[in-house]
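Reading through the structure tokens given below for one structure.
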Amino acid sequence: MTDSTIKDKIGQFPRKLEDESIYIMREVAAQFERPALLFSGGKDSITLVRLAQKAFFPGKIPFPLVHIDTGHNFPETIEFRDWLAKETGAELIVRYVQDSINQGKAKEETGKYASRNVLQTVTLLDTIEEFKFDACIGGARRDEEKARAKERIFSVRDDFGQWDAKRQRPELFDMLNGRIAVGENVRVFPISNWTELDVWNYIKEEKMEIPSIYFSHQRQVIERDGMLWADSEYLNKEADEIPFEATVRFRTVGDMTCTAAVESDAVEIDIIIEEILSAEISERGARIDDKRSEAAMEKRKQQGYF
Amino acid sequence: MDILRIATAGSVDDGKSTLIGRLLYETNSITKDKIEALESASKRKGLDFLDLSLLTDGLIAEREQGITIDVAHIYFSTPTRKYIIADTPGHVEYTRNMVTGASNAKVSLILVDARQGVVEQTARHLSIAALLRIPKVIVCVNKMDLVQYDKAKFEAIKDSLSSLVAQTTFEGQEISFLPISSLFGQNITQAADKMPWYQGNTLLGELEAFEFAESLAHAPARFPVQWVIRPKTEEYHDYRGYAGKISSGTFQVGDVIKALPTGQESTIASIEKFGEQLERAVAGDSIVITLTTDVDISRGNSLVLASDTQAPQLKDFTAHICWLDHQALSPGKTYLLQHGVNLTKAKISQITERLDVVAQTSSQDVDSLKLNEIGGIQLRTAQPIMADVYAENPSNGAFILIDEFSNSTVGVGFIK
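What follows is the structure, encoded as structure tokens:
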């Protein structure tokens, strides 16, 4: 894209998207007994928290925020999570992947690509069972990935959290059918129809706070497979992978072991938005977990991943 | 910035996925890594051009069979509009998906293969677009490259569709015809240099120019209550706000309203959105309404203007229905009917007809409706629903039927 087409494309946030998402939030509260909002600390789940605030204002958010802590999060994310829970007065529930590993329910991966991304499904399903959550709100968007393009807003999962693309309920007009059998639960995606740009424009228009790692900063990184990886004690480095300092930011926030950084000087949200539009690489392209195979996402979803 | 929702439909091989891929490609909606993935996948298939259809054929089964089996949502935007495409499969057996994908659409894109002309599916799509009151239909005559961009071919297809269009269309529906080639980018976002005889809009030009008048704002005012907000805090001790999304019309502070089904009247004290005070709100706005007096209102109730004597409360009514489930509709069985956010039991007393949307005929002697069939039913609900006739107020005239035991959404109805 040329500079002029980029400038052309920076539009406004389509406000109708917010109305639709707020509607979905209210349907969740009304149709389910024990909903929860799955909070990752990333910009999409931060957007969800804002939408939930708006949906029930001046009342409080009528469900807890749940964070599945892999132990490999960026410290900035954890700090932000705690701040946001305090700021909104929402209840925060944290469960740890480390506990699932200690209980022998999950096994740490080995090798240089080891990450806890897949492991968190185990902890998530245990948490759903522990609190008997019947609906979990997540920040997935259909524009992120091909398998997600077919996801419903109310996505019914069986006892094992599994997604069956062929058994999905048709969703007509704005009517959401959240009826489920005992043991089943629903994953709800209120920002299904938002694109990455919509999320950023919303954050900008709403003047929302986001974790500092989204903005340019100095960080020790290594280069691997043409991408920059944050150096940390959790990353299994090879001998020739020598950390060096770079000026980077993150476009998406997952674990330190599976989120690549991009070189950037962007310290303001406007510049981030311009960068997104001119980006040569799509958002999930910076997620190493999707690179494992072309159908990686669909396979993980069938197993209960978000 | 507004949002325009488009439903695409076509037969198996008429190049719908390629058309969408082309739209994304030419509006700069595809990033470099995705194009690279496309290049290598195209090469693996032994193609010497970019197979743009691979962009949208998402599921593993689809990639294996090379067909689209479910509704996929695709996004692109221009400086003026955000577009959402519901890409629905065009197989005969997938009327269900077509109706689902089209239920939110303001534009229906129908593809016709220039070599084959009008096929059964074309009639099906036009009928469904009419049943769902989709205000604009664009018929894309695709693969013009394979008929040497012949004007006569295009005109012949247009002519052969005219009687069908006349049968299905309704007053106010816009229908346009475009000759295109998705594969070679003719008339998608750029004028077709191979078809100088065509002077009309490109496909994107047609979409950008379409004004879907916010007619909804002028429709009767309907506000279904989703959730009652009662903070019970010091600051908001007696606060009682009715949260919901206006389904049609306009509400203003000071309006005298009545709550249905009870009929109790009150006056709108405030219209709020996250602390912001609004003077008025229109169809599509998610808001909170507070009233000047205490009225007993709960989820599923509807607010309408007190002066609105036409505001309907239906218990016995007829509807068109599209059946969505493998288990056929059986008269006499009780289902759950969901109209907006309101849920009540419903019994189908009679199936009045089955429509043949291809032949444009109907048969009256019907005892069941199977998956993908469209018919007419007579039904009775346990509680009244505050629904309008679909053709008059589409945003308040549709409902879904839910099977009480499987919890599946088994049918979608359009009130007659």
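In order, the protein sequence lines correspond to chains Y and X. Per our numbering, the first sequence starts with residue 27, numbered consecutively. Per our numbering, the second sequence starts with residue 12, numbered consecutively. Where a beta carbon is used, it is the ideal one built from N, C-alpha and C, also for glycine.
For Y/Asn143, go through chain X and note every residue whose CB falls closer than 7 Å to its CB, in chain order. Going along chain X, no residue has its Cβ under 7 Å from Y/Asn143, so there is no contact; the nearest lies around 19 Å.
Burial state of X/Gln349, where buried means 16 or more other Cβ atoms lie within 10 Å: buried
Residue-level contact to chain X via CB, Y/Glu231, 8 Å cutoff: no
Could you check if X/Leu70 is buried or exposed, using at least 16 other CB atoms within 10 Å of its CB as the buried criterion? A caution first: X/Leu70 carries a pLDDT of 49, below 50, which makes its placement in the model unreliable, though a value can still be read off. X/Leu70 is buried by the Cβ-count criterion.
Are X/Gly351 and X/Leu366 closer than 8 Å when you measure CB to CB? no
Is there a Cβ of chain Y sitting closer than 8 Å to that of X/Asn404, yes or no? no
Taking only beta carbons into account, state which residues of the stretch 31 to 49 of chain X come closer than 7 Å to chain Y, listed in chain order. Asn39, Thr42, Lys43, Asp44, Lys45
Test: X/Ile279 CB closer than 8 Å to a CB of chain Y: no
At 4 residues or longer, and completely inside the stretch 127 to 209 of chain X: list those alpha helix (DSSP H) runs for me, N to C. 131 to 142, 162 to 179
Tell me the rounded alpha-carbon separation between X/Thr301 and X/Asp319. 20 Å
Quick check on this structure: which residue in Y/Pro61, Y/Asp108, Y/Tyr260 has the alpha carbon closest to the alpha carbon of Y/Thr136? Y/Tyr260
Residues that X/Gly255 bridges to, as DSSP identifies them: X/Ile298
If you compare alpha carbons, which of X/Leu137, X/Phe195, X/Gly183, X/Leu340 is closest to X/Gly159? It should be noted that the sequence gives Gln, not Gly, for residue 159 of chain X. Nearest option by C-alpha distance: X/Phe195.
Can you give me the Cβ contacts of X/Pro395 inside the same chain, cut-off strictly under 7 Å, excluding the 5 residues immediately before and after it? Pro272, Gln324, Leu325, Lys326
is_contact[Y/Gly252, chain X] using C-beta, thresh 8 Å: no
Taking X/Asn418 as the query, report the chain Y residues whose CB atoms sit under 7 Å from its CB, ordered along the chain. Arg205, Ile206, Ala207
Go ahead and label Y/Ile268 buried or exposed: buried means 16 or more other beta carbons lie within 10 angstroms of its beta carbon, across all protein chains shown. exposed
Cβ neighbours of Y/Ala132 in the same chain (closer than 6 Å, five flanking residues each side left out): Ser126, Leu145, Val148
Counting contacts by CB-CB distance shorter than 8 Å, is Y/Lys80 in contact with chain X? yes
Considering only residues of the same chain and omitting the five flanking positions on each side of X/Asp13, which have a CB-CB separation below 7 Å? Arg92
Would you mind listing the beta strand (DSSP E) stretches within the stretch 215 to 252 of chain Y that are 3+ residues and don't spill past its ends, in chain order? 243 to 250
Listing by chain order, which chain X residues have their CB less than 8 Å from the CB of Y/Lys42? Asp13, Ile14, Gly295
Does any C-beta atom of chain X lie closer than 8 Å to the C-beta of Y/Asp70? no
Among Y/Ser258, Y/Ile72, Y/Ile302, which residue has its Cα nearest to the Cα of Y/Gly164? Y/Ile72
For a cutoff of 8 Å on Cβ pairs, would you count X/Asn115 as touching chain Y? yes
The stretch 159 to 181 of chain Y: which residues have C-beta closer than 8 Å to a C-beta of chain X, in chain order? Arg168, Asp169, Lys172, Ala173, Ala175, Lys176
X/Val369 vs X/Ala134 beta-carbon contact at 8 Å: yes
Run of the beta strand (DSSP E) containing X/Leu122, from where it starts to where it stops: 118 to 124
Which of the residues in the stretch 242 to 273 of chain X, read from start to end, lie with their CB under 7 Å from any CB of chain Y? Pro242, Tyr247, Tyr250, Ala254, Lys256
Beta bridge counterpart(s) of Y/Trp255 as assigned by DSSP: Y/Ile248, Y/Ala286
So which residues of chain Y does X/Gly286 contact, with C-beta pairs closer than 8 Å? Phe83, Pro84
If you reduce the DSSP assignment to three classes, tell me which class Y/Ile48 lands in. helix
For X/Asn39 and X/Ile78, the rounded distance between their alpha carbons: Any reading at X/Ile78 is ruled out, since the residue's pLDDT is 48, under 50, leaving its predicted position unreliable.
Which residues in chain X sit within 7 Å of Y/Phe199, going by Cβ to Cβ distance? Ser114, Asn115, Ala409
To the nearest angstrom, how far is it from the Cα of Y/Cys284 to the Cα of Y/Arg142? 9 Å
With H, G and I counted as helix, E and B as strand and the rest as coil, what does DSSP make of Y/Glu320? Low per-residue confidence applies at Y/Glu320: pLDDT is 47, beneath 50, and the placement is therefore not dependable, though the value from the model is reported in the following sentence. Note: Y/Glu320 maps to coil in three-state DSSP.
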